[in-house]
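Below is one structure, written out as structure tokens; the observations come after it.
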Amino acid sequence: MFFKILFSYLIGNLRIEVTGYYIERFINLCNNNHILTWNVKKGKQSNVLLNIEIKKLKEVIKLAKKVKCKVKIKSKKGLPFILNRYKKRKMFAISLIIIIILIAASSKFIWNIEVRQEEGNKIENIEQDLSDVGLKIGKLKSKIDTKEIINKIRLKREDIAWLGIEIKGTNAIVKIVKATEKPKIIDQNEYCNIVSDKEGIITKINAQKGTAQVKVGDTVTNGTVLIGGWMEGKYTGVRYVHAEGEVEAKIWYTKSKTIKYNSKEKEKTGNEEKKYGIKINNFEINLGKGVSKFKIYDTMITEKKFQIFSDFYLPISIIEKNNKELKEVEKTYTPEEAKNIGVQELQGELEEQIEDKKSIVNKNVNAYEKEDSVEIFVTFEVLEKIGTNEKI
Amino acid sequence: MKNSRKNRINKILEIPQEVYSNVPKIIITGFDEMIIENFKGILEYEDFYVRINTYLGIVNVNGFDLKLENMSEDDIKIDGKIESFDIERIE
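In structure tokens:
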């Protein structure tokens with residue numbers, strides 16, 4: 003009974019009003035003819051409201067005529083009536099089907115290639131190589147053979163330690179680990195010199211094998227032989243060896259900068275403006291005005307691929323242009339101020355360059371004042387170990 | 009003769025009376041719902057008064073906002089505020 007009523011909502015049911023004198027007989031007749039009625043409610047006059055299934059309407063009208071009652075349809079409920087309402091909107095249904103087909107079809111292609119690399123160990127031009135080999139945006143997923151691509155790339159490039167391609171949805175994830183460069187180790191049995199790789203003044207030299215070619219206080223340039231790979235004995239004569247030893251030198255790092263007393267600087271005012279656009283493949287559509295309302299501004303462009311699910315990318319991307327207003331500010335410094343600023347900036351730069359800060363021996367600042375600017379030289383003296391092996 | 013033997017077997021097997029005969033069964037759940045099994049037909053139906061014919065007699069129900077719901081061909085459910093009901097025996 004209950005399920006029959008539920009089912010009738012699926013196939014459609016009617017609420018009808020029956021007016022007449024023999025309502026009781028009508029209900030009994032319905033019962034005897036196996037017509038399901040529910041929610042029978044007596045009205046104020048000689049009428050009754052009841053629900054019937056849509057299929058039984060003709061039979062009900064026949065029975066009502068028998069007992070001289072009139073039938074009036076009050077309301078219609080159920081799926082068939084809802085569907086009927088949308089029958090007129092054919093274009094809606096068609097476009098819905100087209101969209102579903104398009105989405106299903108677009109899921110067969112690759113729309114995004116994501117290259118994941120280790121921080122600091124970036125491989126250059128890998129995207130170019132990938133597209134040369136066959137992993138391109140817009141390619142059929144079924145035509146991509148990941149094993150073949152991996153083999154081809156590994157043959158092509160030597161600086162890759164490991165490569166994996168994973169296809170998730172419309173997203174191809176390429177994971178790469180860069181191979182560290184092979185250190186050039188000269189065989190212990192081969193003869194070699196120790197050669198300077200920096201310019202500086204020698205402060206300490208200690209030859210364990212071989213003969214020292216420079217003394218403390220000597221100035222060396224790039225390429226000077228520090229420890230020669232041979233030994234001279236009184237009786238043995240010249241004998242070649244693998245040179246070993248430690249050489250420490252004083253090295254100067256110098257940086258210069260000119261700072262003007264009157265300078266124009268650009269400062270952010272804090273005003274921002276966002277503009278959006280849509281990019282389909284290489285075709286760009288700007289939403290809103292293309293020209294900014296600011297006179298001077300910086301533009302940051304961020305592109306975001308449109309995705310439905312986490313790994314389902316579409317070939318549409320949303321472009322966000324962020325315009326930040328700038329204003330020109332004239333600044334005047336006194337010679338003292340200009341000098342301080344320059345020295346601080348240069349010192350910061352130098353300190354970044356030098357790895358071992360403990361080895362800084364001396365800091366030297368020179369400033370030459372001119373008419374409209376000041377030229378600053380900052381020199382750091384650093385004690386460092388120098389020298390690399392070189393074959394004879 | 010046949011009937012009485014049937015009755016005896018049914019009594020031994022403890023089959024409910026309303027299943028094997030036309031004896032009506034009246035169930036009142038709370039004061040708002042009444043189910044009558046094995047009914048014959050509706051004699052009178054008003055908002056406040058329902059008269060139902062059964063094989064043993066007539067059941068009269070008084071109340072307010074009475075609604076009818078046919079459970080199946082010989083079950084009927086009366087919904088609404090039931091005030092009183094009485095039975096008329098047919099001899």
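The listed protein sequences derive, respectively, from chains A and B.
Counting from 3, one number per residue, gives the positions in the first sequence under my numbering.
Counting from 9, one number per residue, gives the positions in the second sequence under my numbering.
Just so it is clear, CB atoms sit at the ideal spot from N, CA and C, and this is done for glycine as well.
Output, in chain order, the set of chain B residues within a Cβ distance shorter than 7 Å of residue 41 of chain A. Your numbering for residue 41 of chain A matches position 39 in the first sequence. By Cβ distance, chain B contributes 75 and 77.
Judging by CA-CA distance, which residue of B/50, B/61, B/67 and B/80 is the nearest neighbour of residue 24 of chain A? The sequence position of residue 24 of chain A within the first sequence is 22, counting from 1. Nearest in C-alpha terms to residue 24 of chain A, of all of B/50, B/61, B/67 and B/80, is B/50.
What are the boundary residues of the alpha helix (DSSP H) that residue 28 of chain B is part of? Position 20 of the second sequence, counted from the start, is the residue given in the question as residue 28 of chain B. Secondary structure note for residue 28 of chain B: its alpha helix (DSSP H) is the uninterrupted segment 25-28.
Pick out whichever of A/31, A/91 and A/70 has its Cα sitting closest to the Cα of residue 82 of chain B. As a position in the second sequence, residue 82 of chain B is number 74, starting the count at 1. Closest option to residue 82 of chain B, judged by alpha-carbon separation, among A/31, A/91 and A/70: A/31.
Below 9 Å on C-beta distance, what does residue 34 of chain B contact in chain A? Your numbering for residue 34 of chain B matches position 26 in the second sequence. Listed along chain A is no residue with a C-beta nearer than 9 Å to that of residue 34 of chain B; the closest approach is about 18 Å.
Within chain A, partners of residue 71 of chain B - CB distance below 7 Å: By 1-based counting over the second sequence, the position of residue 71 of chain B is 63. Near residue 71 of chain B there are no residues of chain A at all, since even the closest Cβ is about 12 Å away, more than 7 Å.
Take the Cβ of residue 278 of chain A as the centre, count every other Cβ of all protein chains shown within 10 Å, and call the residue buried at 16 or more, exposed below. Stepping through the first sequence from its first residue, residue 278 of chain A is reached at position 276. Looking at its Cβ environment, which holds fewer than 16 other Cβ atoms inside 10 Å, residue 278 of chain A is exposed.
DSSP three-state label for residue 47 of chain B, please. Taking the first residue of the second sequence as position 1, residue 47 of chain B is located at position 39. Correct three-state label for residue 47 of chain B: strand.
Does the beta carbon of residue 3 of chain A come closer than 8 Å to any beta carbon on chain B? Sequence index remark: in the first sequence, residue 3 of chain A carries index 1 (1-based). Chain B contact via Cβ: present.
With residue 83 of chain A as the anchor, note down where its alpha helix (DSSP H) starts and where it stops. Your numbering for residue 83 of chain A matches position 81 in the first sequence. 81-87 is the span of the alpha helix (DSSP H), which, as asked, contains residue 83 of chain A.
Using a Cβ cut-off of 7 Å, which residues of the region 3-33 of chain A contact any Cβ in chain B, in chain order? From the region 3-33 of chain A, only 3, 25, 26, 29, 30 and 33 have a Cβ closer than 7 Å to chain B.
Tell me whether residue 106 of chain A sits in a helix, a strand or coil according to DSSP, three-state version. Mapped onto the first sequence, residue 106 of chain A falls at position 104. Correct three-state label for residue 106 of chain A: helix.
Quick check on residue 331 of chain A: does DSSP put it in helix, strand or coil? Working through the first sequence from its first residue, we reach residue 331 of chain A at position 329. In the structure shown, residue 331 of chain A sits in a strand (DSSP, three-state: E or B).
What is the residue span of the beta strand (DSSP E) that residue 375 of chain A lies within? Residue 375 of chain A sits at position 373 when you count from the first residue of the first sequence. 375-387 is the extent of the beta strand (DSSP E) around residue 375 of chain A.
What is the rounded straight-line gap between the Cα of residue 214 of chain A and the Cα of residue 230 of chain A? Counting from 1 along the first sequence, the entry for residue 214 of chain A is found at position 212. Counting from 1 along the first sequence, the entry for residue 230 of chain A is found at position 228. Straight-line spacing of the CA atoms in residue 214 of chain A and residue 230 of chain A works out to 6 Å.
Near-chain A residues of the region 17-32 of chain B - C-beta to any C-beta below 7 Å: Contacts with chain A (Cβ-Cβ distance below 7 Å) from the region 17-32 of chain B involve no residue at all.
Report yes or no: is there a C-beta of chain A within less than 8 Å of the C-beta of residue 81 of chain B? The sequence position of residue 81 of chain B within the second sequence is 73, counting from 1. Yes, because at least one Cβ of chain A sits closer than 8 Å to the Cβ of residue 81 of chain B.
8 Å Cβ cutoff, residue 44 of chain A in contact with chain B: Position 42 of the first sequence holds residue 44 of chain A. It does: the Cβ of residue 44 of chain A has a partner Cβ on chain B nearer than 8 Å.
Do the region 140-152 of chain A and the region 329-339 of chain A touch if we need at least three Cβ pairs shorter than 8 Å? Contact between the region 140-152 of chain A and the region 329-339 of chain A is not established, with fewer than three Cβ pairs separated by less than 8 Å.
Against chain A, which members of the region 42-71 of chain B pass a CB distance test of less than 7 Å? Flagged, chain order: 49, 50, 51, 52, 53, 54 and 55.
In DSSP terms, what residue 65 of chain B is bridged to: Walking along the second sequence from the start, residue 65 of chain B turns up at place 57. Residue 65 of chain B is bridged to B/97.
Based on DSSP bridge pairs, tell me the residues matched to residue 254 of chain A. Start at 1 with the first residue of the first sequence, and residue 254 of chain A comes out as number 252. The partner list for residue 254 of chain A (beta bridge, DSSP) reads A/383.
Helix, strand or coil, according to DSSP, for residue 32 of chain A in the structure here? Residue mapping note: residue 32 of chain A aligns to position 30 of the first sequence, counting from 1. Residue 32 of chain A falls in the helix class under three-state DSSP.
Distance, Cα to Cα, residue 298 of chain A vs residue 369 of chain A? Taking the first residue of the first sequence as position 1, residue 298 of chain A is located at position 296. Taking the first residue of the first sequence as position 1, residue 369 of chain A is located at position 367. Straight across, the Cα-Cα distance linking residue 298 of chain A with residue 369 of chain A is about 34 Å.
What ranges does the beta strand (DSSP E) occupy inside the region 160-245 of chain A, keeping only unbroken runs of at least 3 residues that lie completely in it? Unbroken beta strand (DSSP E) runs of no fewer than 3 residues, entirely contained in the region 160-245 of chain A, are found at 162-170, 173-180, 194-197, 202-211, 227-230, 232-235 and 239-242, following chain order.
In whole angstroms, what separates the C-alpha of residue 227 of chain A from that of residue 366 of chain A? By 1-based counting over the first sequence, the position of residue 227 of chain A is 225. By 1-based counting over the first sequence, the position of residue 366 of chain A is 364. Distance from the CA atom of residue 227 of chain A to the CA atom of residue 366 of chain A, rounded to whole angstroms, is 29 Å.
Taking a cut of 8 Å between CB atoms, which residues from the region 312-323 of chain A lie near chain B? Listed by position, the residues of the region 312-323 of chain A near chain B (Cβ gap below 8 Å) amount to none.
Using the three-state DSSP reduction, which class does residue 59 of chain B fall into: helix, strand or coil? Position 51 of the second sequence, counted from the first residue, corresponds to residue 59 of chain B. Under the three-state reduction of DSSP output, residue 59 of chain B falls in the strand class.
Closer than 8 Å at the beta carbon, the chain B residues around residue 59 of chain A: Working through the first sequence from its first residue, we reach residue 59 of chain A at position 57. None at all; the shortest Cβ gap to chain B is about 17 Å.
Using beta carbons (cut-off 8 Å, strictly below), is residue 38 of chain A in contact with chain B? Position 36 of the first sequence, counting from 1, holds the residue named residue 38 of chain A. Judged by the 8 Å Cβ criterion, residue 38 of chain A is in contact with chain B.
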